[in-house]
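Participant: Just so we're aligned: the sequence shown equals residues 1 to 134 in my numbering. By construction, the Cβ of each residue, glycine as well, lies at the ideal position given by its N, Cα and C atoms. Take this structure first; my questions come after.
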Amino acid sequence: MASCNTSGNREVISTPDAPAAIGPYSQGIRVGKTLYLAGQIAIDPVTGKLVEGGIEAQTHQVLKNLGAVLKAGGFDYSHVVQVQAFVADLNDYKALNEVYATYFSESKPARAVVEAARIPRDALVEIMMVAVRQ
């Protein structure tokens, strides 16, 4: 069950359907009609383990995790306006895009993809988002 903790106009969004934070941060913060989602890596929320299977499998898991946080906050992928993706190897850009496109077929958000020297737990990809409801 998703939970929300309100402080002023900031609401912490949390769900067991996405991995618990592995550091001092929230899965998401809703301020008004905007939801800020923390970076997610490909941790299976049931096992707590990093998903194996390469960049495609990890990208799917990351986007599933983010989808769970979106849902817990009352949003979905159609509300996403900005995405920042970090990859361990920019040579995985094409494979990342193939998976990513299945989640954002219509209204594609603004996006940046950056190669990172190292991602937590040696993941291959980490993605963070901002979503806005009208």
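Can you tell me the Cβ-Cβ gap for V130 and Y36, rounded? I've got them flagged as a contact below 8 angstroms.
Facilitator: Yes, they are in contact, since the Cβ atoms of V130 and Y36 sit about 6 angstroms apart, within 8 angstroms.
Participant: Among residues of its own chain, excluding the 5 on either side of L90, which ones have a beta-carbon nearer than 7 angstroms to its beta-carbon?
Facilitator: Same-chain partners within the cutoff: E115.
Participant: Excluding five sequence neighbours on each side, which residues of the same chain lie with their C-beta closer than 7 angstroms to the C-beta of M128?
Facilitator: So the list reads L37, A38, G39, Q84, once near-sequence residues are dropped.
Participant: With a cut-off of 8 angstroms on the beta carbons, I'd call Q58 and A42 a contact; round off their distance for me.
Facilitator: 4 angstroms between Cβ atoms; contact.
Participant: What ranges does the beta strand (DSSP E) occupy inside the stretch 45-117, keeping only unbroken runs of at least 3 residues that lie completely in it?
Facilitator: The qualifying runs are 80-87, 110-115.
Participant: The beta strand (DSSP E) that contains T34, what's its start and end?
Facilitator: Residues 34-40.
Participant: What is the DSSP secondary structure of R133, reduced to helix, strand or coil?
Facilitator: DSSP places R133 in coil when its eight states are reduced to three.
Participant: Along the chain, where does the beta strand (DSSP E) containing S14 start, and where does it finish?
Facilitator: Note, S14: beta strand (DSSP E), 10-14.
Participant: I'd like to know whether the C-beta atoms of P109 and V87 end up nearer to each other than 9 angstroms.
Facilitator: No. Outside cutoff.
Participant: Could you tell me if D76 is buried or exposed, where buried requires 16 or more neighbouring beta carbons within 10 angstroms of its beta carbon?
Facilitator: That one is exposed.
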